[in-house]
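Novice: Protein chains in written order, with this note's numbering: chain A, 4 to 558; chain B, 4 to 558.
Every residue gets a Cβ at the ideal spot worked out from N, C-alpha and C, and that includes glycine.
2 protein chains.
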Amino acid sequence: MKALRIFGGPSTLIRSVVKPCQRSGGLGVYSHASISCRPINQYQTRPFITDIPRRIHSQHDSPVPPTKQRDSKAITAGILAFTTAVAALGWTLNGPDLNAEAPPARQETKDAPKGKFFRLDEIRKHGADSERPWVIKGTGVYDITDWIESHPGGKVVLRAAGSSVEPYWNIFTIHKKDDVYQILEQFRIGDVDPLDLVDGCVPQEQVDDPFREDPERDSRLVYLTEKPCNAETPPSGLTSFITDTPLFYVRHHFWVPPIDPSSYKITIDLGDGSDEKTYTLDDLRTKFPQHTITAVLQCSGNRRSHMSEGSGREASGLKWDVGAISNAEWRGPRLRDVLRDAGLNLEDPPEDIQHAQFSGEDAYGASVPIDKVMDARGDVLLACEMNGKILPPDHGYPVRVLVPGVTGARSVKWVNRITLSEEESETQWQRRDYKCFGPNQGRDAVNWDNAPSIQETPVHYAVSGGGRRIIRVDISTDNGKTWDQAEIQPDQSRGNKAWSWALWKYHCGRRLEPGSTVIVKAIDETYNVQPDTHGPTFNFRGNLANAWHRVRVED
Amino acid sequence: MKALRIFGGPSTLIRSVVKPCQRSGGLGVYSHASISCRPINQYQTRPFITDIPRRIHSQHDSPVPPTKQRDSKAITAGILAFTTAVAALGWTLNGPDLNAEAPPARQETKDAPKGKFFRLDEIRKHGADSERPWVIKGTGVYDITDWIESHPGGKVVLRAAGSSVEPYWNIFTIHKKDDVYQILEQFRIGDVDPLDLVDGCVPQEQVDDPFREDPERDSRLVYLTEKPCNAETPPSGLTSFITDTPLFYVRHHFWVPPIDPSSYKITIDLGDGSDEKTYTLDDLRTKFPQHTITAVLQCSGNRRSHMSEGSGREASGLKWDVGAISNAEWRGPRLRDVLRDAGLNLEDPPEDIQHAQFSGEDAYGASVPIDKVMDARGDVLLACEMNGKILPPDHGYPVRVLVPGVTGARSVKWVNRITLSEEESETQWQRRDYKCFGPNQGRDAVNWDNAPSIQETPVHYAVSGGGRRIIRVDISTDNGKTWDQAEIQPDQSRGNKAWSWALWKYHCGRRLEPGSTVIVKAIDETYNVQPDTHGPTFNFRGNLANAWHRVRVED
């Protein structure tokens, strides 16, 4: 009798289904590199499409006029992060065209005063420090003063002020699309004086590539984009309980900010009007008990390509296969201990404190409900170590938030500010990108407030959100007619709850026909299950694709 | 244009789909009594089959010999409840034949000594207080000494000691089946002397019906069984946020124990070797802050009939339709406050305290993880009031445990003892009945330890476990091809989390064809969803049937 062994665990592991055993008895164990199955939904090509930043809105229902005033403390935090964000400019005047947002309406129509020309000398005076910064695109001149606040990359756009944006867009190619051009066009005030043109063009300057300091990365990662880096853990990294650090998936929205650990500080704003507190890296490592947990991080978009193919509908964003998930050991102080030290009364917190907002040095920001942070069993860390070593730059050096049991987007890397607030973070990553709407909801005319931000995640082989333990993994080799159970491996996780994935293996006592399908589904301790199909959970952002994993057996 | 209005909320409400509007514009609102849809899976008949008590095991893998010694404190608690259980006898020598358990093996074979006869005078000496109690069935004589401890109804079986069990079995008809007879047969020691027979039979005595003191009940309840009472909330009771108390579903395993409130006491055993503490009803009402929450209770078996019909496989237990769910307001002290008063250190509890076991006056028992009880936001009450009035007898008067967000089976009624322990309750309701195994797992040769007890429940329109809020209700009128959203009604719930169901309504702008299907599915804040179909979640106990609700439109 021929036999098949399937080694599983994370959603990824079905990718490492191995070849039918050639020895009788089915006892052969094969290397995970020997892949004979591939997900039916796996995309063969991965176009360089990113689901990167969109402009920020302080209101949610309709696009915000560029002059909209921000008045909440919460928003201030986000903006402060931007002011310290490292260099580079022109980062996404608008997001990808697959996104749902309409261009912002201007409060007053300022048609480009056609025929109005500006000399380059005058334009250069509208630099980063001027009252009204301008940029050039083509031969057009644009007053971006009212736009800066809505720019997802924050004030980094000012790097181009007084000159042309195009050298930057040659790096951030995401801008090279019609909808970006259309947004910019609203701010046009005239053109460059033909006297300054060379062969009809504005002379271009050399600009620094902000990604030039990104770290070297492992070639075994499965790269979707390089700038910013988005790369899956390869199958070989998904067969062990702990993912080797170099193989841990990378999900960046920007470049990796270079941070000097000796001058690093994290600022805590308790949101109660008290003075902000700051802590150095040394403070975090020596003033507080250090805790170690193991926890999976998973991108909300993991298996997005499966959702698109399974539903026959295109979802926007990076076309992740199964590898936007990894498991590591994390160590650092508990955030609740730091907050207590900063003055928060954990036993009787202010009623208007509902969220903890995190800002990263890279301009990224997100938040989690304060209950998760306060929970003595919640295990939210300010992680300084990963797998027993200092955090590598790609994973947040020197400090990242680690929110176990919650979608990866909330574990903010390079965190430099924490603000407690009545409101969620105002960033688009909190208020827009990481939400799921109904299958019928298109990206046009969406009311972003109609869905909650993704926090705890649903069950997905073989990990669940909220620390809910995986209790069973079901396998079907006859397209769901009958089922059998995989053998869940002994748990090696650390922490108050089941923050890690469950590894499993399955021994199929017969040879599977090439072309047949293996289905895997997991069940967690609340007996929540994965849905049968992708169509009914399709959402235009392509988040949380957790339908059964169907894997075709190859020859 | 004809129109259809669907009023929803609990799983039940789809039953109250109303007739297509006869007026144009679709604005007509119909009474909930006007039912035009019925669940496709609805059983037309409800045979009087109960999933009532089975004998208790102190070990889990294999049946326990009757003489097995119990040594854990936890078990003691369960047994103590039995000793105080109210009168009546003969309660399930074995459970229903649909259950998975094999008859217990005897440690030594005691073949009935055929030809050995006993006079009735001698048998009467083996009454409840004797060292070796005997009972009569037919003309057989049985020494049940070694059986008492394994009897699910506990020592109430002793009510028949010294006489015939048959008058009791005429009340508890569940005993009248072969597997019960077979178990009893193992204890046969001989026969009644023919000299005492009248027309070949043992003269029967009159016995009291322990159900005679059960309360009067509302005739609108949908009765599945009368003794014990198991009755669904009718559709008319499921259209309001709070279920009227008389229409709150009833799920009993025994009769309703009559309790004198003036002598009522609850005993707390902290499991740390300290003295037990007791509290009177007055103590509970006056010594502790009283809290009010709203919370759904739902039987794990709700929609079992749908699971059976949807999967084409028979599941054991009461064939609930959609009405084993109701929502009420509950009031009483928090259990954590009472435990603290009894001496538990909530900030630093003993590590070996993992579960809180509850015993009811009726002999029922169950447990929940101690974390749920300790959680300041967990809202576990010792409920003394329901919907603003004292708890009615059918719902636990004078005190029941109310564990919101957890399957109904853990909210033990008529609670008189709470024991903290390293282990779960040893009752079959904890260790066996309320678990889900894989679709492939038969009731024979099941290893009961292979599945966890149901605690927090999965998402199910329109309520979820663990206080996870319902964020969306999707409706499809074209068999799942396209979806639309129902309008979720403003939340009226009280408590720290979303313990109540979400009511919803949906206005379909077109007439639905008779025979067509309306599908409803809910999504909770963790974006867990209901599975598409019943087959892959089938389990032989028929628990947690949460696949999409499919409702056929009737003419």
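1) Compare the C-alpha of Val-434 of chain B against each of B:Ser-414, B:Ser-133, B:Ile-457 and name the closest.
2) Can you tell me where the alpha helix (DSSP H) with Asp-340 of chain B in it begins and where it stops?
3) By how many angstroms is the C-alpha of Trp-486 of chain B removed from the C-alpha of Asn-443 of chain A?
4) Taking C-alpha atoms, which residue in B:Ser-167, B:Ser-370, B:Pro-372, B:Ala-366 lies nearest to His-154 of chain B?
5) Any idea what DSSP makes of Ser-167 of chain A, helix, strand or coil?
6) Take the Cβ of Ser-424 of chain A as the centre, count every other Cβ of all protein chains shown within 10 Å, and call the residue buried at 16 or more, exposed below.
7) So Thr-297 of chain A and Ser-467 of chain A are in contact, right, with Cβ under 8 angstroms, and what is the actual spacing, rounded?
8) Identify whether Ile-269 of chain B lies in helix, strand or coil by the three-state DSSP scheme.
9) Would you give the residue range spanned by the beta strand (DSSP E) that Tyr-282 of chain B belongs to?
10) Using the rule of at least 16 other Cβ atoms within 10 Å of the residue's Cβ for burial, across every protein chain shown, is Cys-204 of chain B buried or exposed?
11) Can you name the residues of chain B whose CB is closer than 8 angstroms to the CB of Glu-528 of chain A?
12) In whole angstroms, give me the CA-to-CA distance for Pro-461 of chain A and Ile-174 of chain B.
13) Put Leu-394 of chain A into one of helix, strand or coil per three-state DSSP.
14) Gly-441 of chain A touches chain B at which residues, Cβ-Cβ below 7 angstroms?
15) Any Cβ of chain B within less than 9 angstroms of the Cβ of Gln-492 of chain A?
16) Mind checking the segment 374-398 of chain B against chain A and listing, in chain order, the residues whose C-beta falls within less than 8 angstroms of any C-beta there?
17) Checking 9 angstroms against the spacing of the C-beta atoms, do Leu-300 of chain A and Ser-265 of chain A come in under that value?
18) Which of the three DSSP states, helix, strand or coil, is assigned to Ser-1 of chain A?
19) Between B:Phe-543, B:Glu-459, B:Lys-392, B:Lys-375, which has its C-alpha nearest Phe-440 of chain B's C-alpha?
20) Using beta carbons (cut-off 9 angstroms, strictly below), is Leu-547 of chain B in contact with chain A?
21) In the DSSP output, which residue or residues are listed as bridge partners for His-3 of chain A?
22) By the 10 Å Cβ neighbour count, where 16 or more other Cβ atoms means buried, how is Asp-378 of chain B classified, buried or exposed?
23) For Gly-391 of chain A, count neighbouring Cβ atoms within 10 angstroms of its own Cβ and tell me buried if that reaches 16, exposed if not.
24) Out of A:Arg-162, A:Leu-273, A:Trp-150, A:Ile-192, point me to the one whose CA is closest to Val-183 of chain A's CA.
25) May I ask which residues mark the beginning and end of the beta strand (DSSP E) holding Leu-423 of chain A?
26) So what does DSSP say about Tyr-509 of chain B, is it helix, strand or coil?
27) Buried or exposed: where does Pro-401 of chain B fall if 16 or more other Cβ atoms within 10 Å of its Cβ makes it buried?
28) For the segment 141-212 of chain A, which segments carrying the beta strand (DSSP E) assignment without a break, of at least 3 residues, lie completely within its bounds, in sequence order?
29) Please confirm whether Val-532 of chain B has its beta-carbon closer than 9 angstroms to some beta-carbon of chain A.
30) Mapping DSSP to helix, strand and coil, what is Thr-248 of chain A?
31) Going by DSSP in three states, Gly-483 of chain A sits in which element: helix, strand or coil?
32) So what's Arg-380 of chain A in DSSP terms, helix, strand or just coil?
33) Below 9 angstroms between beta carbons is the criterion; list the residues of the segment 297-328 of chain A that meet it against any residue of chain B, in chain order.
34) Let me confirm a value: Lys-438 of chain A is counted as buried when at least 16 other C-beta atoms fall within 10 Å, else exposed. Which label applies?
35) Could you pull the DSSP bridge partners for Leu-405 of chain A from this structure?
36) Counting only beta-carbon separations shorter than 9 angstroms, does Val-404 of chain A have a partner in chain C?
Specialist: The answer reads as follows:
1) Before going on, a small fix: residue 434 of chain B reads as Arg here, not Val. Taking only the C-alpha atoms, the option nearest Arg-434 of chain B is B:Ile-457.
2) 338-345
3) 6 angstroms
4) The shortest C-alpha separation from His-154 of chain B is found at B:Ala-366.
5) strand
6) buried
7) In this structure Thr-297 of chain A does not touch Ser-467 of chain A by the C-beta definition: roughly 15 angstroms separates them, more than the 8 angstroms allowed.
8) The DSSP-derived three-state label of Ile-269 of chain B is strand.
9) 280-283
10) exposed
11) By Cβ distance, chain B contributes Pro-455, Gln-458, Glu-459.
12) 47 angstroms
13) coil
14) Neighbours of Gly-441 of chain A on chain B, chain order: Arg-475, Asp-477, Trp-486, Gln-488.
15) no
16) Asp-374, Arg-380
17) no
18) Any answer about residue 1 of chain A is impossible in this case: the structure gives chain A only from 4 up to 558.
19) B:Phe-543
20) Using a CB distance cut-off of 9 angstroms, Leu-547 of chain B counts as an interface residue toward chain A.
21) Any answer about residue 3 of chain A is impossible in this case: the structure gives chain A only from 4 up to 558.
22) buried
23) Around the beta carbon of Gly-391 of chain A, fewer than 16 other beta carbons sit within 10 angstroms, so the residue counts as exposed.
24) For Val-183 of chain A, the nearest C-alpha among the options comes from A:Trp-150.
25) 418-424
26) strand
27) buried
28) 143-146, 191-195
29) yes
30) helix
31) Three-state result, Gly-483 of chain A: coil.
32) Correct three-state label for Arg-380 of chain A: coil.
33) none
34) buried
35) A:Leu-384
36) This model lacks chain C altogether; the protein chains it does include are A and B.
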